[in-house]
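Using full-length UniProt numbering, the letters of the sequence shown map in sequence onto residues 1 to 642.
Ideal Cβ placement from N, Cα and C applies to all residues, glycine included.
Worksheet for the structure shown next.
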Amino acid sequence: RYSLFYNHLKNIEESEGGLDKFTKSYKTFGVNQLADGGIYCKEWAPGAEAVFLAGDFNGWNPFSHPYKKLEYGKWELFIPAEGGCSPVPHGSKLKVVIRAQNGALLYRISPWARYVVRDEDKVNYDWVHWNPPQSYIHKHPSPKRLKSLRIYESHVGIASPEGKVASYKNFTYNVLPRIKDLGYNCVQLMAIMEHAYYASFGYQVTSFFAASSRYGTPDDLKEMIDVAHSMGITVLLDVVHSHASKNSEDGLNQFDGTDSCFFHSGYRGNHQLWDSRLFDYANWEVLRFLLSNLRMWIEDYRFDGFRFDGVTSMLYHHHGIGTGFSGDYNEYFGLHVDEDALCYLMLANHMINSLHPECITIAEDVSGMPALCRPVAEGGGGFDYRLAMAIPDKWIQIIKELKDEDWNMGNIVHTLTNRRYEEKYIAYAESHDQALVGDKTLAFRLMDAEMYTNMSVLMPLTPIIDRGIQLHKMIRLITHALGGESYLNFMGNEFGHPEWLDFPRIGNNESYHYARRQFNLTEDDLLRYKFLNAFDRDMNKLEERFGWLASPQAYVSEKHESNKVIAFERAGLIFIFNFHPYQSYVDYRVVIWPSSLTVAFRYKILLDSDAGEYGGHQRLDHNTEYFSEEYPHNYRPNSIMV
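Next up, the structure:
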């Protein structure tokens, strides 16, 4: 794998003048404004017989501005300035006109288009030339690379209690302060790359270089990222390079009139489950397109890194469809692995690390591919983090299938600690996947219909609501503290957002009722959502203070099946969880980490899920001090009684 990567890198150096020049192609491809006011256009359309540019600027004459054919399927066009002014004004509509091999004229949006919009009375998007007289100027530097990542997974369009598509401006001034207050230091933005179908959650990308116009302008997004940086918040982009929308009128599909171009032709170029097109990662121009795409988002918008979606689909020719992964190495090495896709990921991470070493990359891989988060120089994939995707599945399985008294402490600990040596994992109890219609969030699984009637503090605390609130806090804390080297939460789930997430579509009469986040629920003192919100905030603040995510993996001293107790030490803190449905304990002995004591250690409670401000029963006195003893317990020489 490293040899394949190295050969690609060597070829880029020899034929393109280096990776830096190769990945700057976003500044020359598409339609670009020159310093003298002229316009330079460049496209890759290997299957085209001829290429033209048409638009408002030439009265939509499809033949007046032909491109010149270059080598390797490339085409270029230069339009001189007119009296020192651009011949293509800002805001004018454009189309690349392709004469296909069968003679048909195809009106296409450039794959490199920076801004596309859709009029309300139209189905397809239009390409709009974006060249404002004064673009947004970033005022604040990007935050330094974080040691502890606390990620708030977000979607701009649903980030409002109102039933509408919310804006970048709304996120900037209403949501970012909330994220900061909750103690998250990183926001991961979904559905930014333009996608024609809103209900696809942003995973059917049509224009890879365009920020979604349904939320506002490119400058609005730049301002949003700049304001986040002013708050010390790192901003990651959920990037989709695993597949592309099948749209041809306003997407990449059949751009040059052929079945291939950016994609594999025939069966290999189509994803059976996603009904989308699959990139040909062995193609030189596809590598140029995708690598330049990453660089554009970093350099133009100032994103601080990426969460790569659908990595499992990229890694294997079977795309993970109907395939289970047990951890056997034969599942990761063989002819079923798409080495071209893996090599692209190595190139992407190498480029990012070389040109922008402060940036972060995350892999969404369910298979457990070995060394995916090891350096490329070691033959690894080069990612910084990978998602611990088994953890949310485990919590769902436990809650769905087991009675409280049957919860297996050892199995919980195993799932939370089972990760590849020296590869960093992002732990999460639930993400957007669990919030979508057809699934249920943890809060909804735990409390279900009673969330509609019994979340008011004026109502008696029912056993279902009581159990749900307590377990919601405990599950999140143990996942945060034991599950990885980073933590992720999907917006709204921190306070147990009721119901599910469903975008407007034909099946729900185009309703926005479920395509929103009801942040206002936490601001109502009469509702119990405020308790979960406060706990999540204080949990993050405590991690910020002690940095357990950046500390070595926890030492688990107890996973007691009959007592339903889990205890572990990390970052100098002792975490103790009692999952027993009805049994509390007095004078319960737990291990402390120091092997030898010259002085007694004194411990105090820092965070208590049973505290009144978190909706608990206040059964513990926070003024109590706990002293260490040279008393052997669980094969360790020292312990305390709690």
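### Message
Given a cut-off of 8 Å on the beta-carbon distance, is the pair Y281 and Y344 in contact?
### Response
In the sequence shown, the residue the question calls residue 281 occupies position 281. In the sequence shown, the residue the question calls residue 344 occupies position 344. Yes, the Cβ-Cβ distance between Y281 and Y344 is below 8 Å.
### Message
I'd like the ranges of any beta strand (DSSP E) spanning at least 3 consecutive residues and lying wholly in the segment 171-235.
### Response
Counting only runs of 3 or more, we get 186-190 and 207-211.
### Query
From R277 to A48, what distance separates their C-alpha atoms?
Here residue 277 refers to the residue found at position 277 when the sequence shown is read from its first residue. Here residue 48 refers to the residue found at position 48 when the sequence shown is read from its first residue. Between R277 and A48, the C-alpha separation is close to 20 Å.
### Task
Kindly indicate which residue of R528, F209, D121 and G216 has the alpha-carbon position closest to the one of R114.
Taking the first residue of the sequence shown as position 1, residue 114 is located at position 114. Looking only at R528, F209, D121 and G216, the smallest Cα-Cα distance to R114 is reached by F209.
### Message
On the CB-based measure, 16 or more other CB atoms within 10 Å of its CB, does M369 come out buried or exposed?
### Response
Position 369 of the sequence shown, counted from the start, is the residue given in the question as residue 369. A residue is called buried when at least 16 other Cβ atoms come within 10 angstroms of its Cβ; M369 meets this threshold and is buried.
### Task
Tell me, to the nearest whole angstrom, how far the beta carbon of S354 is from that of T312; I am working on the premise that it is less than 8 Å.
Residue mapping note: residue 354 aligns to position 354 of the sequence shown, counting from 1. Residue mapping note: residue 312 aligns to position 312 of the sequence shown, counting from 1. Their Cβ separation, rounded to whole angstroms, is 26 Å, which puts S354 and T312 out of contact at 8 Å.
### Message
Taking the beta strand (DSSP E) that E558 belongs to, which residues open and close that run?
### Response
As a position in the sequence shown, residue 558 is number 558, starting the count at 1. Taken as a continuous stretch (DSSP letters only), the beta strand (DSSP E) holding E558 covers Y555 to H560.
### Buried or exposed by the 16-neighbour rule on C-beta atoms within 10 Å, applied to Y585
Within the sequence shown, residue 585 is the residue found at index 585, counting from 1. Exposed, because fewer than 16 other Cβ atoms sit within 10 Å of the Cβ of Y585.
### Query
Do V286 and F262 come within 8 Å of each other at the CB atom, strictly closer than that value?
On the sequence shown, position 262 is the one that residue 262 refers to. On the sequence shown, position 286 is the one that residue 286 refers to. Cβ distance < 8 Å, so F262 and V286 count as in contact.
### Task
Tell me whether the beta-carbon of I79 lies closer than 8 Å to the beta-carbon of A45.
Residue numbering aside, residue 79 sits at position 79 when the sequence shown is read from its first letter. Residue numbering aside, residue 45 sits at position 45 when the sequence shown is read from its first letter. Remark: C-beta atoms of I79 and A45 do not approach each other more closely than 8 Å.
#### Entry: beta strand (DSSP E) segment containing M451, residue limits
The count along the sequence shown starts at 1 and reaches residue 451 at position 451. In the DSSP assignment, M451 falls outside any beta strand (DSSP E), carrying neither H nor E.
### Cα-Cα separation, E450 to P498
Sequence index remark: in the sequence shown, residue 450 carries index 450 (1-based). Sequence index remark: in the sequence shown, residue 498 carries index 498 (1-based). CA-to-CA, the gap between E450 and P498 works out to about 10 Å.
### Task
Pair every Cβ in the segment 149-161 with every Cβ in the segment 485-505, then say whether three or more of these pairs are closer than 8 Å.
In short, these stretches touch, since the Cβ pair count reaches three.
### Message
For E299 and P177, I'd like the C-alpha separation in whole angstroms.
### Response
Residue mapping note: residue 299 aligns to position 299 of the sequence shown, counting from 1. Residue mapping note: residue 177 aligns to position 177 of the sequence shown, counting from 1. Between E299 and P177, the C-alpha separation is close to 25 Å.
### Message
Comparing C-alpha positions only, which one of K95, L221, F568 and V165 sits nearest to I137?
### Response
Reading the sequence shown from its first residue, position 137 is the one you call residue 137. That would be L221, whose Cα lies nearest to the Cα of I137.
### Query
Got a sec? Which residues, its chain only, sit under 6 Å from Q518 by beta carbon, not counting five neighbours each side?
Here residue 518 is taken as the residue at index 518 of the sequence shown, counted from 1. For Q518, the CB contacts under 6 Å within the same chain, skipping 5 residues up- and downstream, are P161 in chain order.
### Query
Just curious, the beta strand (DSSP E) that T28 is in, first and last residue?
The residue given as residue 28 occupies position 28 in the sequence shown. No beta strand (DSSP E) holds T28; DSSP gives it neither H nor E.
### Query
Using CA coordinates, which residue listed in M641, E625, Y198 and H129 is at the minimum distance from Y631?
Against the sequence shown, residue 631 aligns to sequence position 631. Minimum Cα distance to Y631 is reached at M641.
#### Entry: Burial state of Y425 (16 or more Cβ within 10 Å)
Residue 425 sits at position 425 when you count from the first residue of the sequence shown. The residue in question, Y425, is buried, as its Cβ has 16 or more Cβ neighbours within 10 Å.
### Query
Roughly how many whole angstroms lie between the Cα atoms of I475 and A429?
Position 475 of the sequence shown, counting from 1, holds the residue named residue 475. Position 429 of the sequence shown, counting from 1, holds the residue named residue 429. I475 and A429: Cα-Cα distance of roughly 7 Å.
### Message
Let me make sure I understand the geometry here. Which of G30, L106, V239 and S511 has the alpha-carbon closest to that of N363?
### Response
On the sequence shown, residue 363 is found 363 positions in, with the first residue counted as 1. It should be noted that the sequence gives Ala, not Asn, for residue 363. Of the listed residues, the one whose Cα sits closest to A363 is V239.
### Query
By how many angstroms is the C-alpha of M231 removed from the C-alpha of S207?
Within the sequence shown, the letter at position 207 stands for residue 207. Within the sequence shown, the letter at position 231 stands for residue 231. S207 and M231: Cα-Cα distance of roughly 30 Å.
### Message
Three or more C-beta pairs under 8 Å: does that hold for the segment 57-68 against the segment 85-96?
### Response
Counting Cβ pairs under 8 Å, three or more are found: they touch.
### Task
Go through its chain and collect everything with a Cβ distance to F171's Cβ below 7 Å, but skip five positions before and after it.
In the sequence shown, residue 171 corresponds to position 171, counting from 1. Hits under 7 Å: V156, A159 and M224.
### Query
Between the Cα of P111 and the Cα atoms of T28, K473 and S3, which residue gives the shortest distance?
As a first step, residue 111 is located in the sequence shown; it is residue number 111 there, counting from the start. Considering only T28, K473 and S3, the residue with the shortest C-alpha distance to P111 is T28.
### Query
Within the chosen definition, does the segment 381-398 reach the segment 406-415 through at least 3 CB pairs nearer than 8 Å?
Three or more Cβ pairs closer than 8 Å define a contact, and the segment 381-398 meets that threshold against the segment 406-415.
### Query
If you draw a straight line from the alpha carbon of Y203 to that of V599, how long is it in whole angstroms?
On the sequence shown, position 203 is the one that residue 203 refers to. On the sequence shown, position 599 is the one that residue 599 refers to. Straight through space, the alpha carbons of V599 and Y203 are spaced by roughly 57 Å.
### Message
Just to check my reading of the structure: W284 and P218 have Cβ atoms closer than 8 Å, yes? What is that Cβ distance to the nearest angstrom?
### Response
Residue 284 sits at position 284 when you count from the first residue of the sequence shown. Residue 218 sits at position 218 when you count from the first residue of the sequence shown. Rounded to the nearest angstrom, the Cβ distance from W284 to P218 is 28 Å, too far for a contact under 8 Å.
### Query
Looking only at C-alpha atoms, which of K394, K403, I360 and L402 sits nearest to G382?
As a first step, residue 382 must be located in the sequence shown, where it is residue number 382. Closest by alpha carbon: I360.
### Task
Check L70 in the structure and name its three-state DSSP category.
Taking the first residue of the sequence shown as 1, we reach residue 70 at position 70. Note: L70 maps to coil in three-state DSSP.
### Query
Buried or exposed: which applies to N102, given that a residue is buried once 16 or more other Cβ atoms fall within 10 Å of its Cβ?
Mapped onto the sequence shown, residue 102 falls at position 102. Exposed is the call here.
### Query
Thinking C-beta only, is A571 closer than 8 Å to W593?
The count along the sequence shown starts at 1 and reaches residue 593 at position 593. The count along the sequence shown starts at 1 and reaches residue 571 at position 571. Going by C-beta atoms, W593 is not nearer than 8 Å to A571.
### Query
Distance, Cα to Cα, A427 vs Q553?
Against the sequence shown, residue 427 aligns to sequence position 427. Against the sequence shown, residue 553 aligns to sequence position 553. Within the model, the alpha-carbon separation for A427 versus Q553 is close to 13 Å.
### Task
Pick helix, strand or coil for W395, following the three-state DSSP scheme.
Stepping through the sequence shown from its first residue, residue 395 is reached at position 395. DSSP places W395 in helix when its eight states are reduced to three.
### Message
Which runs of the beta strand (DSSP E) at least 3 residues long sit entirely within the segment 423-491? Give them in chain order.
### Response
The qualifying runs are 424-427 and 486-490.
### Task
Leaving out five residues on either side along the sequence, give the residues of the same chain with a beta carbon under 6 Å from the beta carbon of residue 644.
Missing from the structure shown is residue 644; the chain here goes from 1 to 642 and no further.
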